[in-house]
Structure formats: structure tokens, C-alpha cells
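Q:
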Amino acid sequence: MLKTVNLALAALLVAALLTPAAHAAKPKNIVLIYADDIGYGDFSCYGATTFSTPNVDRIAEEGLQFTDGHCGSATCTPSRYSLLTGRYAWRKKGTGILPGNASLIIPTNEVTLPSMLRDAGYTTGVVGKWHLGLGDGNVNWNGKIAPGPLECGFDYSFLIPATGDRVPCVYVENHHVVGLDPNDPIEVSYSKPVGDEPTGKDNPELLKMKLSVGHDKTIVNGISRIGYMTGGKSARWVDEDMADDITEKAVAFIDDNAKADKPFFLYFSTHDIHVPRVPHPRFVGKSGHGPRGDAILQFDWCVGQILDALDRNHLADDTLLILSSDNGPVLDDGYVDQAVELLGEHKPAGPFRGGKYSFFEGGTRVPTIVRWPSVVKPGESDALVCQIDLLTSLAKLTGQELPAEAAPDSLDVMDALLGKTTIGRDELVEHAGRLSLRSGEWKYIAGQGKNQAQLYNLTQDIGEEKNLAQASPEKLKEMEVRLQTIREAGRTRGQ
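All the letters of the sequence shown, read from the start, carry residue numbers -24 to -1, 1 to 471 under mature numbering (1 follows the signal peptide of the UniProt record, and there is no 0).
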């Protein structure tokens, strides 16, 4: 009997000793900071020299900085879709850049990054830009707005419904517009004028920021937008305050969950540096590159506020922090803000060709940094990783079993993200106007219409300047066939 008791006590002692190690394998909290339109070279830790981004640099110094990290697409909506669903956006129709009154494009019965993490015990929140649609038809902005993030796995949401240059120019918290006066109802249209609000096209003298192309519909806060809007004047945002507004909500989410001692997942999706670039006055003129550069400094300030919140609540060591961007950089994106004229020596895409909308590397190769002080050793990694892999990778990390049909293109690259290996993906399909296939040192860009296929050796030609399609026909054909196989398979996970 005594021997049995001793064995039982020994077993309990071993279990107790092993428990901290088991817990250390799962982060108490997960924070994903998602920039908008920030390119590979837009932070000083990635080579910017004409201004500095000290808060982002701090994450890089304390974490693992990736040189071959990618978003899912060279534009915003499809990148966000692939991030949250683990599916290449090009596999599903209707995942292109959405108007501000689009329906939700993520099925509410689909496994998503937040729903998986909620099942893993995390309180989940999204703050900032959404741009994945809301509702299931014509949204009534004056009532309950659903389905949306709460039906996709988030416990809390505070949203910029689409983008800053698209109406409606109001925040939506959970299911309702914030600060709406019921006596001044909102009406939105992308097909015909509504109300009698002035437009940028007819009243350019009212604009504080001129337009270069498009963006000539309803004027809100002295800036004309895409689409028509009337009403909701008490609820309309002030662009200069947007970064402060959403950062305050993100910090409050951290503070509230820390106080309640609840593990949390925060998806902080900033608007910076998307157009219209209208940073708060305290950042104006600070970068030397006009509103675009000033917005980068504002983004860095937002990052600093998140870091301060984690530090203040003693959560930094136990929090897995991931920072990246939804696509590569763009200069003139519809407003006259001197982004081109004041660029100077700055190279937004770093050494890469192209940027937002482009099928060259600058379109999807974006800053990617992972910090988890108690687990991840600081350094640099050239592993090929993609945001689309976060769903499966974090599922593994948090002990969640994904259904076979879920996250069809999301691969487990957790060991690479944590710096345990420098081997990430074997291949990756990049998405812009055309599809490209990355495999080893090679990149194949599919032909389309009159545009011929292209082939580059990125080890020898990081700037994609020398097309080897004619010089290496066998490799060209090999990658063409492989890309077609991936397209026809319908999935890559489990293949």
C-alpha cells in the first residue's frame, strides 16, 4: 500500500514539474498588429534611413524579423480574407476589393482564425479596419448590423467598416454604429447619389485634400470619398483622430482582459497608411516625406501604445506578438498628398520590384516580425512564411484540431515562426492581377492574355529584372504545371 502511495505521489510531483513547461508552449495572449499599405522598406529596421520607427524597431530587436514574409494578396480585402480563413482568396469569387456596403464574404459557419482561438480559450477582439463586408444584403446602418465579426469568431469588434476613403465614414462597435443620432439616419449608396451632400466632383473648392483619381463622391471632413452617403453627422469620424480612436479601443481591450486575467487574442488592424493619409497634427511634417511618411510615424506611435499596454500589465513575456502588413506600398492612390514628390531617397518596397496591386515581390513581401520574449530568440530569418499560415500554425500551438475541410491552404510553419527552424513553406502562390508561384529560388509569373509568362531566379536577381522564361524553358514549364496543379487541387493543406 505504501509503495502504491509513493508511486502516486511521485506521479503527481512529475506532473507538477512538467506543468510550467506545458503552459510555456502556449502563449497566454496573442496580438496581431496589421498595418495597411506599408511596404517592406517602410520601417527603419527594414532599411529606411530618412526617418526612424523606434517602436517597430524595438519589436524587431526583441523578436524574429523575417526577410521573406508574405501577405496573401497584393491588395487589402483578399489579404484579410486569406489571413482569417486560411484559404487563398483567388479560390473564391467575390473576394476582390469590396465597396463599403458589401455583404460579409466569410461564411459564418467557417472555421476562422478568431473562432479557432476562441475555442482555444482566448477572448477575441478586432479593432480597426475590417473591409470584409457586413450584413447579408442591403445593410441598415441605423439598426443591428449583422452578420459581421461577431459571427465570425470575435467576441468584440470596433470597426472601420471598409476603408477611410469609402463611405460610410462611421465606426461600428459590435453590431451598431457608434454615436448615431436616430433623428439623422444614415443612407449609403455606391450606385446613385443620396441626399444633398456636396461631392468632390461638383465642389472641389470644399476639399482640404484634392483628389487625383476617383474619390470624387460625398465629402466628409473636407475629403471626398468613394460612394455616396447622407446622414449620420454626429457619428462621422474625424480622420485626424482615427489612429487615436482605434488605438484607445485596442489598449482598452488589453487592459480590460488583463484586469480580468483572461487570455486574449487582439487583431489590431490599423488604417495607416492607407489613403486618405491625414495624420494627427502632432505627426504632421515630422517625417520629411509628407502625409505618407507622417502616417508611418503615426503607425509607429500606435505600435508603441500597444507595447506600453503590454508592459504596464506585465504581459509582454507571455504574449505572442506578430506585426505585418496587408500588402505592399503605394504612393499616389487617389489623393494629392505629395507621396511621389516628397519620396526623396526613401524606398518603400526596399530592394523589391513593384508594390500594391503588383505581381512582383514588392506586392506581397511585407514586413513580418514575431516577438515572444519567453520563447523566441531575437534574430533574423529567411524562411518563406505567409499570413495565410497563421490559422493552422496557431491551431497547432494552442492545441486545436482543425476539421479536414478548414483552412485549405494554411500550412503549419510554427517552427519557422518561432525560430526553431529556417525552413518555412516549400512553395507559395502569390496573388495580384495574375498568379505567381514561389518555389525555392525560383519565381514563376503566369501569363495572362497578351502578357507572356515570366521566370526569375530570386537568389541571383532579387529585383526581378532579368526574365529567364526563354533561357530556362524546362523550369518555366515545370512551374507552370505545378501552379496549375495547385489551382485544380482546390487545397494545399493535407496534399
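All C-beta atoms in this analysis are idealised placements derived from N, C-alpha and C, irrespective of residue type, glycine included.
Put residue 229 into one of helix, strand or coil per three-state DSSP.
A: Looking up residue 229 in the sequence shown gives position 253. Looking at residue 229 - three-state DSSP - the assignment turns out to be helix.
Q: Give the secondary structure of residue 31 by DSSP, where H, G and I count as helix, E and B as strand, and everything else as coil.
A: Translated into positions along the sequence shown, residue 31 becomes position 55. In this structure, DSSP gives residue 31 a helical state, which the three-state scheme calls helix.
Q: Rounded to the nearest angstrom, how far is the Cβ of residue 53 from that of residue 73, given a contact under 8 angstroms?
A: For the purposes of this step, residue 53 is identified with residue 77 of the sequence shown, where counting begins at 1. For the purposes of this step, residue 73 is identified with residue 97 of the sequence shown, where counting begins at 1. Contact flag correct, Cβ pair sits at about 5 angstroms.
Q: Would residue 429 and residue 411 be called neighbours here (beta carbons separated by less than 8 angstroms)?
A: As a working note, residue 429 is residue 453 in the sequence shown. As a working note, residue 411 is residue 435 in the sequence shown. No, the Cβ-Cβ distance between residue 429 and residue 411 is not below 8 angstroms.
Q: Along the chain, where does the alpha helix (DSSP H) containing residue 275 start, and where does it finish?
A: On the sequence shown, position 299 is the one that residue 275 refers to. It spans 266 to 288 - the alpha helix (DSSP H) in which residue 275 sits, taken as one unbroken run.
Q: Can you check the segment 69 to 98 for any alpha helix (DSSP H) of at least 4 residues that lies completely inside it and give the ranges in chain order?
A: Fully enclosed alpha helix (DSSP H) runs of no fewer than 4 residues occupy 89 to 95 of the segment 69 to 98, in order along the chain.
Q: Between the C-alpha atoms of residue 282 and residue 310, what's the straight-line distance to the nearest angstrom?
A: The residue given as residue 282 occupies position 306 in the sequence shown. The residue given as residue 310 occupies position 334 in the sequence shown. Distance from the CA atom of residue 282 to the CA atom of residue 310, rounded to whole angstroms, is 30 angstroms.
Q: What residue range is occupied by the uninterrupted beta strand (DSSP E) comprising residue 11?
A: In the sequence shown, counting from the first residue as 1, residue 11 sits at position 35. Taken as a continuous stretch (DSSP letters only), the beta strand (DSSP E) holding residue 11 covers 5 to 11.
Q: What residue range is occupied by the uninterrupted beta strand (DSSP E) comprising residue 432?
A: Residue mapping note: residue 432 aligns to position 456 of the sequence shown, counting from 1. Counting along the chain, the beta strand (DSSP E) containing residue 432 begins and ends at 430 to 433.
Q: My understanding is that residue 415 touches residue 390, with C-beta atoms under 8 angstroms, so please give their C-beta distance in whole angstroms.
A: Here the question's residue 415 lines up with position 439 in the sequence shown. Here the question's residue 390 lines up with position 414 in the sequence shown. Residue 415 to residue 390, Cβ: 21 angstroms. No contact.
Q: Measure the C-alpha to C-alpha separation of residue 220 and residue 448 and round it to an integer number of angstroms.
A: Position 244 of the sequence shown, counted from the start, is the residue given in the question as residue 220. Position 472 of the sequence shown, counted from the start, is the residue given in the question as residue 448. Using only the alpha carbons, I get a separation of about 52 angstroms.
Q: So, helix, strand or coil for residue -23, using DSSP?
A: Mapped onto the sequence shown, residue -23 falls at position 2. Its pLDDT being 38, under 50, residue -23 is placed unreliably by the model, and the measurement read from it follows with that caveat. Helix, per DSSP.
Q: Hey, out of 358, 6, 96 and 408, whose CA is closest to residue 375's CA?
A: Position 399 of the sequence shown, counted from the first residue, corresponds to residue 375. The option with the nearest alpha carbon to residue 375 is 96.
Q: When you compare each of 115, 179 and 187 to residue 163 by their alpha carbons, which one comes out closest?
A: Here residue 163 corresponds to residue number 187 of the sequence shown, with the count starting at 1. Among 115, 179 and 187, the Cα nearest to that of residue 163 is on 115.
Q: Determine the direct distance from the alpha carbon of residue 315 to that of residue 308, and round the result to whole angstroms.
A: Translated into the one-based positions of the sequence shown, residue 308 becomes position 332. Translated into the one-based positions of the sequence shown, residue 315 becomes position 339. Answer to the nearest angstrom: the Cα atoms are 6 angstroms apart.
Q: So, is residue 189 buried or exposed, given that buried needs 16 or more other C-beta atoms within 10 angstroms?
A: Start at 1 with the first residue of the sequence shown, and residue 189 comes out as number 213. Residue burial is scored here from C-beta neighbours: residue 189 has fewer than 16 other C-beta atoms within 10 angstroms and is therefore classed as exposed.
Q: Among 240, 23 and 102, which residue has its Cα nearest to the Cα of residue 289?
A: Start at 1 with the first residue of the sequence shown, and residue 289 comes out as number 313. That would be 240, whose Cα lies nearest to the Cα of residue 289.
Q: With DSSP run on the structure shown, which of helix, strand or coil describes residue 362?
A: In the sequence shown, counting from the first residue as 1, residue 362 sits at position 386. Residue 362 carries a strand assignment under DSSP once its states are collapsed to helix, strand and coil.
Q: At 3 residues or longer, and completely inside the segment 305 to 385: list those beta strand (DSSP E) runs for me, N to C.
A: The segment 305 to 385 contains these whole beta strand (DSSP E) runs: 344 to 347 and 355 to 357.
Q: Mark residue 344 as exposed unless 16 or more other C-beta atoms lie within 10 angstroms of its C-beta, in which case mark it buried.
A: Your numbering for residue 344 matches position 368 in the sequence shown. Residue 344 comes out buried.
Q: Let me know the secondary structure DSSP gives residue 110 once reduced to three states.
A: Working through the sequence shown from its first residue, we reach residue 110 at position 134. Residue state, collapsed to three classes: coil.
Q: Within 10 angstroms of the Cβ of residue 133, are there 16 or more other Cβ atoms? Answer buried if so, exposed if not.
A: Here the question's residue 133 lines up with position 157 in the sequence shown. Buried.
Q: DSSP puts residue 206 in a beta bridge; with which residues?
A: In the sequence shown, residue 206 corresponds to position 230, counting from 1. In DSSP, residue 206 forms a bridge with 163.
Q: Have a look at 145, 248 and 242 and flag the residue whose alpha-carbon is nearest the alpha-carbon of residue 197.
A: Mapped onto the sequence shown, residue 197 falls at position 221. For the residues 145, 248 and 242, the minimum Cα distance to residue 197 belongs to 145.
Q: Who pairs with residue 243 in a beta bridge, going by DSSP?
A: Walking along the sequence shown from the start, residue 243 turns up at place 267. Looking at the DSSP assignment, residue 243 forms a beta bridge with 8 and 102.
Q: Under 7 angstroms Cβ to Cβ from residue 80, same chain only, skipping five residues before and after it: list those, please.
A: Reading the sequence shown from its first residue, position 104 is the one you call residue 80. So the list reads 108, 109, 110, 111, 112, 123 and 124, once near-sequence residues are dropped.
Q: Where does residue 173 sit, in a helix, a strand or coil, going by DSSP?
A: For the purposes of this step, residue 173 is identified with residue 197 of the sequence shown, where counting begins at 1. Of the three classes helix, strand and coil, the one that applies to residue 173 here is coil, per DSSP.
Q: Is there contact here, the segment 327 to 340 with the segment 380 to 399, by at least three beta-carbon pairs under 8 angstroms?
A: Contact fails between the segment 327 to 340 and the segment 380 to 399, because fewer than three Cβ pairs, one in each stretch, are under 8 angstroms apart.
Q: Rounding to the nearest angstrom, what Cα-Cα distance links residue 83 and residue 77 in this structure?
A: Start at 1 with the first residue of the sequence shown, and residue 83 comes out as number 107. Start at 1 with the first residue of the sequence shown, and residue 77 comes out as number 101. Whole-angstrom Cα-Cα distance: 17 angstroms.
Q: If residue 297 and residue 347 are in contact, beta carbons under 8 angstroms, what's the gap, nearest whole angstrom?
A: For this step, residue 297 is matched to residue 321 along the sequence shown. For this step, residue 347 is matched to residue 371 along the sequence shown. Right, their Cβ atoms sit about 4 angstroms apart.
Q: Ordered along the chain, which non-local residues of its own chain (more than five positions away) have a Cβ less than 8 angstroms from that of residue 273?
A: If you number the sequence shown from 1, residue 273 lands on position 297. 27, 29, 255, 259, 262 and 263, listed in sequence order.
Q: According to DSSP, is residue 451 part of a helix, a strand, or is it coil?
A: Residue 451 sits at position 475 when you count from the first residue of the sequence shown. Reduced to three states, the DSSP call for residue 451 is helix.
Q: Does residue 148 pass the burial test, meaning 16 or more other C-beta atoms within 10 Å, or should it be called exposed?
A: One-based indexing of the sequence shown puts residue 148 at position 172. Classification for residue 148: buried.
Q: Is it the case that the Cβ atoms of residue 58 and residue 303 are separated by a distance below 8 angstroms?
A: Position 82 of the sequence shown, counted from the start, is the residue given in the question as residue 58. Position 327 of the sequence shown, counted from the start, is the residue given in the question as residue 303. No, they are not a contact pair.
Q: Leaving out five residues before and five after residue 195 in sequence, what residues of the same chain have Cβ atoms less than 8 angstroms from its Cβ?
A: As a working note, residue 195 is residue 219 in the sequence shown. If we look at residue 195 and ignore the five residues flanking it on each side, its Cβ neighbours are 173, 174, 175, 176, 179, 182, 183 and 201.
Q: Provide the residue(s) that pair with residue 133 in DSSP beta bridges, ordered along the chain.
A: Within the sequence shown, residue 133 is the residue found at index 157, counting from 1. Bridge partners of residue 133: 102.
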